[in-house]
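Per UniProt numbering, the sequence shown runs over residues 1 to 299. Quick reminder that beta carbons are idealized off the backbone N, C-alpha and C, glycines included. Data first, discussion second: the structure below is written as structure tokens.
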Amino acid sequence: MEKKRENWSYVNKWYIIIPLIFLTIVFLAPLVKMFYMSFFEFQGVGQDLGAFTLKNYLRFLTDGYYWKVLGLSVLLSFLSCIFCVLMGYPVAYKIARMQGRMKSVLTVIVVLPLWVSITVRMFGWMSVLSENGLLDMLVHVFNPNGDPVSVMGTYVSVLIGLIHCGLPYMIMILIGPIGNVSQNVEEASYVFGAGFWRTFFKVTLPLTFEGIVSGFILCFALNTAAFVVPVMLGSGKIVVMTTLIYQQATYVYDWGFAAAISVIFLIAAMVLTNLDKFYGIWEKSRKKRQMREMQRIGE
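This is the structure in structure tokens:
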């Protein structure tokens with residue numbers, strides 16, 4: 001028996017080690033290479049790297065244009081996440097409160113867009129938002145003599161695409177926390193005279209807030225890294241961090257600067273997606289200070 005346990009323990013270790021080796025090779029190694037390249041001047045394809053320099057980072061940090069692109073990327077991702085919460089919460093609430101086959105059907109409908117390539121989905125949105133598209137046709141129903149309507153190549157079109165990409169994830173994440181809120185708790189609130197909205201803001205929303213934060217962080221991480229959406233719906237007119245990196249790497253062939261932008265963007269995304277943890281640490285330290293002050297007063 002002891003020998004079998006040792007064998008299983010040996011096998012379980014390899015189950016962990018092999019994926020770690022794989023992740024190190026395919027994920028960590030490219031990041032290390034990118035970080036290394038960001039400190040050198042790129043001489044050209046097939047050429048040796050130039051001298052060690054901080055010029056790539058200084059170029060980004062001292063140019064207002066690149067800060068504007070970074071701010072735009074963060075703003076579009078943030079706004080798309082806000083809309084995902086506002087649009088996804090009612091759907092998730094309805095699905096979480098349903099029973100039987102209809103719940104499964106609605107869940108499949110929510111997940112269905114993820115089965116289709118994002119490129120195909122963005123082509124669909126292009127047919128809706130472009131001139132002579134579905135949106136243009138609907139506008140001309142009410143205004144037959146109006147000018148052609150197209151929102152392609154605007155912040156609105158990119159925002160719509162980001163919402164489309166993040167919404168299914170937001171809904172699926174929220175279904176669990178909402179379903180964990182017992183209906184008896186809400187009914188007890190109604191018994192004590194609270195209406196639907198008061199119950200929602202005082203009971204349901206606080207109990208599902210952690211789920212909202214989790215969905216927000218996931219959608220934010222996905223949307224900040226979005227590339228196909230700004231390329232296709234932005235029509236080359238909207239520059240965000242991902243498209244800027246692509247331009248520098250493939251058109252300008254300045255791989256050192258592209259690597260530096262990637263490192264800065266990665267750090268910014270990691271900081272922004274972990275703000276809730278920083279807030280939690282600050283909140284715990286604040287409560288500890290309050291407890292110490294209360295103990296001093298008590299003494």
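First through last residue of the alpha helix (DSSP H) which encompasses residue i
{"i": "Phe192", "result": "No alpha helix (DSSP H) holds Phe192; DSSP gives it neither H nor E."}
{"i": "Ser104", "result": "Arg101 to Val111"}
{"i": "Pro90", "result": "Gly64 to Ala96"}
{"i": "Ile118", "result": "Ile118 to Leu129"}
{"i": "Met232", "result": "Val228 to Leu233"}
{"i": "Val139", "result": "Leu134 to Phe142"}
Pair within 8 Å by beta-carbon distance, residue i and residue j
{"i": "Leu58", "j": "Trp125", "result": "no"}
{"i": "Ser38", "j": "Asn56", "result": "yes"}
{"i": "Val228", "j": "Ile118", "result": "yes"}
{"i": "Val181", "j": "Thr199", "result": "no"}
{"i": "Leu174", "j": "Gly146", "result": "no"}
{"i": "Ile212", "j": "Val110", "result": "no"}
{"i": "Ser150", "j": "Leu129", "result": "yes"}
{"i": "Ala225", "j": "Thr242", "result": "yes"}
{"i": "Gly153", "j": "Ser235", "result": "yes"}
{"i": "residue 367", "j": "Gly88", "result": "With the chain represented from 1 up to 299, any question about residue 367 goes unanswered, as that position is not in the structure."}
{"i": "Asp136", "j": "Pro148", "result": "yes"}
Bridge partner(s) assigned by DSSP for residue i
{"i": "Phe52", "result": "Phe40"}
Where residue i falls: helix, strand or coil (DSSP)
{"i": "Ile178", "result": "helix"}
{"i": "Asn223", "result": "helix"}
{"i": "Met270", "result": "helix"}
{"i": "Ser242", "result": "Residue 242 is actually Thr in this sequence, not Ser. Here Thr242 sits in helix by DSSP."}
{"i": "Ala259", "result": "helix"}
{"i": "Pro19", "result": "helix"}
{"i": "Lys277", "result": "helix"}
{"i": "Asn145", "result": "coil"}
{"i": "Trp14", "result": "helix"}
{"i": "Met252", "result": "Strictly speaking, residue 252 in this sequence is Val, with Met absent from that position. Val252 falls in the coil class under three-state DSSP."}
{"i": "Asn154", "result": "In the sequence under discussion, the amino acid at residue 154 is Thr, which differs from the Asn named in the question. Looking at Thr154 - three-state DSSP - the assignment turns out to be coil, as it is neither helix nor strand."}
{"i": "Lys237", "result": "coil"}
{"i": "Thr24", "result": "helix"}
{"i": "Thr199", "result": "helix"}
Residue nearest to residue i in terms of C-alpha spacing, selected from the options
{"i": "Glu41", "options": "Phe265, Leu275 and Trp255", "result": "Trp255"}
{"i": "Ile238", "options": "Ile16, Ser73, Met170 and Ala51", "result": "Ser73"}
{"i": "Tyr65", "options": "Met172, Thr250, Asn274 and Leu244", "result": "Leu244"}
{"i": "Leu75", "options": "Tyr251, Phe257, Pro144 and Ala221", "result": "Ala221"}
{"i": "Ala269", "options": "Tyr253, Leu114 and Asn223", "result": "Asn223"}
{"i": "Pro113", "options": "Gly100, His164, Ser130 and Leu205", "result": "His164"}
{"i": "Val158", "options": "Phe123, Val213 and Gly179", "result": "Phe123"}
{"i": "Tyr169", "options": "Val91, Tyr190, Leu205 and Val26", "result": "Val91"}
{"i": "Leu31", "options": "Ser262, Lys277 and Leu272", "result": "Ser262"}
{"i": "Gly179", "options": "Val69, Phe52, Gln99 and Gly195", "result": "Gln99"}
{"i": "Tyr93", "options": "Gly176, Trp115, Val108 and Leu266", "result": "Gly176"}
{"i": "Ile264", "options": "Ile82, Leu106 and Phe60", "result": "Phe60"}
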